[in-house]
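J.: So the sequences go chain by chain: A, B and C. Position in the first sequence (first residue = 1) + 1 = the working numbering. Position in the second sequence (first residue = 1) + 30 = the working numbering. Position in the third sequence (first residue = 1) + 254 = the working numbering. First the structure, then my questions, so here it is.
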Amino acid sequence: MRKPSALGRVYMVLIFSFMYVPIAVMAFFSFNASKSRSVFTGFTLSWYKNLFRDEMILSALGISLIIALVASVIATVLGTMASIGIHSMHKATRSVIMNISYMPVINPEIITGVSMMLLFVVAKTWMGGKIFGIPTLMIAHITFCVPYVIFNVSPKLRQMDVRMWEAALDLGCTPTQAFFKVVLPEIMPAVLSSFLICLTYSIDDFIISYFTSGTVQTLPIAIYSMTRKKVSPEINALSTIMFVVILSIILLINARDSRKPKAESLRN
Amino acid sequence: MKLKSRICAAPYLVWMVAFIVAPLLMVVYFAFTDGSGHFTWTNLSGLSQYAPVFVRSILLAAIATVICLVLAYPLSFMLSRLRASKQRIMLMLVMLPMWMNFLLRTYAWMTMLEKNGLINRFFGLFGIGPFNMINTQGAVVLGMVYNYLPYMILPLYTIMVKIDDSLIEAAEDLGAGMFYKVTKVLLPLSLPGITTGITMVFVPSISTFIISRMLGGGGNLLIGDLIELQFLGNSYNYNLGSAMSLVLMVVVLLCMSLTNQLDSETKEGGVF
Amino acid sequence: MENTIVALKDIVVDFDGEAVLTGLSLDIHDKEFVTLLGPSGCGKTTTLRVIGGFLEPKSGNVFFGGKDITHLPPYKRQVNTVFQKYALFPHLNVYENVAFGLRLRKVDEKELKTRVLEMLEMVGLHGFERRDPTTLSGGQQQRVAIARALVNHPKVLLLDEPLGALDLKLRKEMQTELKRIQQSLDITFIYVTHDQEEALTMSDTVVVMRGGQIQQIGTPVDIYNEPKNAYVADFIGESNILSGVMQRDFSVEFAGQEFTCVDKGFPKRALVDVVVRPEDIQVVPAIQGKLSGVVKNVIFKGVHYEIIVEQAGTLWKIHSTQSQRPGEIIGMNIGPDDIHIMNKMEG
């Protein structure tokens with residue numbers, strides 16, 4: 002391991018400044034007494050207070066959270082079951098399914114959004130009535146989340162010792178019992194991390210939701226309309242709050258991860 | 031026993047066909063039909079008038095990708111050579127902006143690049159400017175680079191971490207100077223990371239409509255903008271929009287297979 | 255006549271089009287320590303898995319205590335398995351691993367505790383109840399695996415090369431342990447290994463396998479002293495195998511000389527395989543030997559010296575407690591009892 006040269010350090014600082022200055026600027030101006038985005042006139046917390054009273058934002062946040070939770074649960078269950086099924090398939094079938102599942106991941110989001118919108122439009126003309134909204138959002142979110150579950154859980158399944166499954170059967174488990182008692186605990190870390198990934202992608206999704214939400218607003222969609230219409234620093238306040246929340250979560254996860262090895266050595 | 035477990039995948043398979051395969055087939059269907067459902071080539075042929083837009087999108091995305099590569103390469107290398115504990119912190123710092131909502135990140139640049147924005151005011155302190163920065167192609171490229179730089183840093187870093195110091199030292203031992211070290215050792219070994227990074231920057235860049243809308247104004251339309259207009263915007267032509275989407279998909283597939291040619295190693299599906 | 259507890263009849267197993275077992279029939283007697291012995295790929299593990307229920311044969315039947323269990327899944331058979339890599343459940347501690355099978359059968363909590371602790375005691379893991387199995391050594395993990403299987407009181411225990419990953423000293427200790435456990439519990443052990451010494455040490459009956467077929471079944475002594483063919487002779491212990499011609503009863507010609515032997519009943523002038531164990535060759539001064547040759551190499555093996563001798567184009571292996579000097583010419587004598595004649599192997 003080499004220490005970076007002075008030039009290297011300067012370079013790193015420059016790049017990281019480039020990445021963080023806009024965020025810092027947004028935070029700075031969230032406390033601005035005036036609506037100006039370039040002149041700081043005075044310190045105030047009023048924009049934050051307005052944010053907590055803003056109906057549109059609050060309901061959008063609520064919808065984002067509910068969709069993220071429900072979609073993530075469904076996607077995780079669906080994806081885990083799929084991984085198990087795919088695991089026992091012939092190589093040929095498996096690779097076809099994996100390739101198709103890979104499409105929402107690798108396709109530009111606008112394509113996924115637009116294609117689902119077309120599907121819903123066609124479905125609407127067949128079934129009639131109002132389907133754009135929560136139902137379509139839910140379906141869309143589940144659809145782009147499941148592949149991540151499959152790609153996370155499948156490797157864990159492959160790594161698992163087949164003999165453990167056989168040992169469970171040998172000791173008297175029916176296949177279903179063996180799954181719940183032995184396989185599931187083994188793949189649980191992957192299942193949980195997939196769930197978290199789904200939550201993250203769902204809360205943060207804009208493009209796909211934009212095409213499948215109809216008139217319903219998720220948080221990113223609400224943010225988009227804010228950027229188009231209002232020029233209020235409320236948006237700065239929202240940005241700063243989101244940054245702090247994300248930072249805290251990442252710090253928490255890191256703290257938990259670095260404590261884990263110590264816990265394991267204590268056990269012995 | 032095997033049969034039973036294969037059934038587990040059934041619900042997903044139904045879902046997959048209904049919501050991944052069918053929608054894409056819809057796109058194909060709409061691309062090749064007109065408003066009344068008859069087969070037609072006019073959607074595709076009608077795209078020729080938008081050729082400048084396609085070219086612009088590819089060009090800007092390519093420029094952004096190259097810039098990201100050039101910026102990220104040295105950074106990723108330096109990161110990979112840091113002490114392990116420092117690496118974790120730095121990685122966190124790289125990933126943090128990724129978790130921020132990308133609309134907000136783009137909006138931040140919008141405010142900074144405005145005529146009365148922070149940057150112009152800063153230049154104003156020295157009596158320079160004001161520069162016309164927003165609503166230009168440059169602003170769009172800047173937006174792309176800013177948003178997708180971490181997507182280039184991470185794959186490069188992941189690969190470089192695996193390149194052991196001893197390889198570079200061996201090259202030095204055999205007489206390689208900086209130029210050879212980079213071109214003969216580092217570049218070939220980091221190729222898988224480069225191709226992954228290129229894909230992860232180019233694909234979203236070429237298909238964005240937010241960045242071009244917020245930073246490019248109305249005058250710098252990209253493919254994404256056109257498509258959005260057909261579906262939710264004023265133009266309202268699903269067939270034309272589908273044709274555009276189809277072409278976009280083909281362009282993306284072409285570029286991906288090109289980069290895969292560069293990297294002859296077989297990779298496992300997924301970058302996770 | 256012992257009871258036959260497990261019987262296999264004409265078992266055929268295919269893997270991806272390749273035939274692994276081509277009509278195997280075998281009777282396992284109750285309360286015996288039976289070893290399936292052979293090189294990798296001979297089908298011994300496959301046979302074990304058929305008995306355990308993890309592999310359904312393409313055709314043929316498996317009988318347990320007289321009943322046909324061919325299509326019965328593993329969780330319904332009164333058989334338990336000790337896997338090669340232990341297959342312990344990492345998310346459960348030692349106690350829960352061992353208790354696993356009992357819990358499934360809803361054994362009463364008090365009885366469960368007694369049986370688990372008893373079993374841990376029996377395998378020498380007293381006090382290890384709360385340990386995380388992934389932190390145990392190979393030998394300890396092996397014992398947990400054995401305890402986990404035996405606590406369910408199976409009629410038959412299947413062991414798939416369980417000692418393969420252990421170092422030599424530990425392996426030998428465990429071999430004695432396993433034999434002791436089998437005798438004290440008085441149940442049938444079906445053991446799979448490629449290590450012939452292991453097989454000879456522990457077994458009541460050895461089944462030598464090759465290419466999906468049984469070559470010979472017998473006690474260790476029988477197999478060692480009376481190998482049925484050159485393959486078995488070569489696999490068990492070390493041997494010198496040469497081609498020879500049976501001149502007449504009790505007389506065989508090989509290595510250019512005629513020897514008196516104890517076999518008869520072969521057709522006149524029949525081509526046969528002659529097997530002589532390295533430890534059965536007497537080294538004498540060159541003039542006194544029926545055969546004589548040049549010492550090519552001497553290797554110290556601790557228990558004996560291994561001496562390689564070239565005699566008229568054939569390389570002989572001799573085990574002796576006396577060393578010889580490379581380059582010396584020595585004489586070799588072989589007594590009639592030490593010459594084993596068998597029919598020529600096909601293939």
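From the three backbone atoms N, C-alpha and C, an ideal C-beta is built for every residue, glycine too.
Exposed or buried, which one is Trp570/C when buried takes at least 16 other CB atoms within 10 Å?
T.: Trp570/C comes out buried.
J.: Against chain B, with Cβ distances strictly below 7 Å, would Ala69/A count as a contact?
T.: With 7 Å as the cut-off, Ala69/A does not count as an interface residue toward chain B.
J.: Rounded to the nearest angstrom, what separates Gly300/B and Val22/A at their Cα positions?
T.: At Gly300/B the pLDDT is 36, less than 50, meaning the model places this residue with poor confidence; the figure from the coordinates comes in the next sentence. The straight-line gap from Cα to Cα measures roughly 32 Å.
J.: Would you kindly check if the distance between the Cβ of Ala273/B and the Cβ of Leu77/B is under 7 Å?
T.: Their beta carbons are under 7 Å apart, which means Leu77/B touches Ala273/B by this criterion.
J.: So, for Asn290/B: in the same chain, excluding its five sequence neighbours on each side, which residues have a beta-carbon less than 6 Å away from its beta-carbon?
T.: So no residue of the chain qualifies.
J.: Below 7 Å between beta carbons: does that hold for Ile561/C and Gln542/C?
T.: Not closer than 7 Å, so no.
J.: Is Trp139/B close to chain A? Criterion is C-beta to C-beta, closer than 7 Å.
T.: Interface residue, yes.
J.: Ends of the beta strand (DSSP E) at Met90/A?
T.: Careful: Met90/A lies outside any beta strand (DSSP E) and carries neither H nor E.
J.: Suppose contacts are defined by Cβ-Cβ distances below 7 Å. Is Ile143/A in contact with Ile75/A by that definition?
T.: For Ile143/A and Ile75/A, yes; Cβs fall inside 7 Å.
J.: Tell me the residue span of the beta strand (DSSP E) that contains Met463/C.
T.: Residues Thr459 to Arg464.
J.: Terminal residues of the continuous alpha helix (DSSP H) containing Phe153/B?
T.: Unbroken alpha helix (DSSP H) run through Phe153/B: Leu148 to Leu155.
J.: What is the C-beta distance between Asn237/A and Ser31/A, in whole angstroms, given that I count them as a contact (C-beta under 8 Å)?
T.: Rounded, the Cβ-Cβ distance is 4 Å, consistent with contact.
J.: If you draw a straight line from the alpha carbon of Thr1/A to that of Leu259/B, how long is it in whole angstroms?
T.: Residue coverage of chain A in this structure runs from 2 to 269, which leaves residue 1/A outside it and unanswerable.
J.: For chain C, find out if any of its Cβ atoms is closer than 7 Å to the Cβ of Leu66/A; answer yes or no.
T.: Chain C, which has no Cβ nearer than 7 Å to the Cβ of Leu66/A, makes this no.
J.: So, using beta-carbon positions, are Phe212/A and Val123/A closer together than 7 Å?
T.: Contact: no.
J.: Can you tell me where the beta strand (DSSP E) holding Lys263/C begins and where it ends?
T.: That run of the beta strand (DSSP E) goes Thr258 to Phe269.
J.: Rounded to a whole number of angstroms, what is the C-alpha to C-alpha distance between Val462/C and Val274/C?
T.: Cα to Cα, the separation comes out at about 15 Å.
J.: Taking just the CA atoms, how far does Leu346/C sit from Ala179/A?
T.: Rounded to the nearest angstrom, the two C-alpha atoms are 14 Å apart.
J.: Short of 6 Å in beta carbon distance, which residues of its chain neighbour Val147/A, apart from the five on each side in sequence? Order them along the chain.
T.: Same-chain partners within the cutoff: Ala76, Leu79 and Gly80.
J.: The beta strand (DSSP E) that contains Ala273/C, what's its start and end?
T.: Segment Glu272 to His283, the beta strand (DSSP E) holding Ala273/C.
J.: In this structure, how does DSSP classify Ile562/C when only helix, strand and coil are distinguished?
T.: Looking at Ile562/C - three-state DSSP - the assignment turns out to be strand.
J.: Here's the rule I'm using: 16 or more other beta-carbon atoms within 10 Å means buried, otherwise exposed. How should Ile553/C be labelled?
T.: Flag for Ile553/C reads exposed.
J.: Please report how far the alpha carbon of Ile11/B lies from the alpha carbon of Met161/A, in whole angstroms.
T.: As displayed, chain B neither begins before 31 nor continues past 302, which places residue 11/B out of reach and without an answer.
J.: Beta-carbon within less than 6 Å of Gly43/A's beta-carbon, same chain only, minus the 5 sequence neighbours each way: which residues are those?
T.: Cβ neighbours of Gly43/A beyond the five flanking positions: Ala34.
J.: Are any of the Cβ atoms in chain B nearer than 7 Å to that of Ala264/A?
T.: Low per-residue confidence applies at Ala264/A: pLDDT is 43, beneath 50, and the placement is therefore not dependable, though the value from the model is reported in the following sentence. Chain B contact via Cβ: absent.
J.: Using the Cβ count rule (16 or more neighbours within 10 Å means buried), how would you classify Ser1/A?
T.: As displayed, chain A neither begins before 2 nor continues past 269, which places residue 1/A out of reach and without an answer.
J.: Going by CA-CA distance only, name the one from Gln565/C, His448/C and Val460/C that's closest to Leu496/C.
T.: Nearest option by C-alpha distance: Gln565/C.
J.: Counting only Cβ pairs nearer than 9 Å, list the residues of chain B close to Met165/A.
T.: Those do not exist, as Met165/A stays about 14 Å from chain B at its closest Cβ, beyond 9 Å.
J.: Would you say Lys297/B lies against chain A (beta-carbon separation less than 7 Å)?
T.: The predicted model places Lys297/B with a pLDDT of 44, which falls under 50 and marks its position as unreliable, so this point remains unresolved.
J.: Quick one: using the 10 Å Cβ neighbour count with 16 as the cut-off for buried, is Lys423/C buried or exposed?
T.: Exposed: under 16 other Cβ atoms inside 10 Å.
J.: Is it true that the CB of Met428/C sits closer than 7 Å to the CB of Ala401/C?
T.: Not closer than 7 Å, so no.
J.: So, helix, strand or coil for Pro539/C, using DSSP?
T.: If DSSP states are grouped into helix, strand and coil, Pro539/C belongs with the strands.
J.: Rounded to whole angstroms, what is the Cα-Cα separation between Thr95/B and Leu143/B?
T.: For Thr95/B and Leu143/B, the distance between alpha carbons rounds to 21 Å.
J.: For Ala39/B versus Ala191/A, is the C-beta spacing smaller than 7 Å?
T.: Cβ atoms of Ala39/B and Ala191/A: not closer than 7 Å.
J.: Looking at the unbroken beta strand (DSSP E) that takes in Gly498/C, where does it start and where does it end?
T.: Run containing Gly498/C: Asn494 to Arg502, per the beta strand (DSSP E) assignment.
J.: The beta strand (DSSP E) spanning Ala524/C covers which residue range?
T.: Looking at the DSSP string, the run of the beta strand (DSSP E) that includes Ala524/C is Ala524 to Val530.
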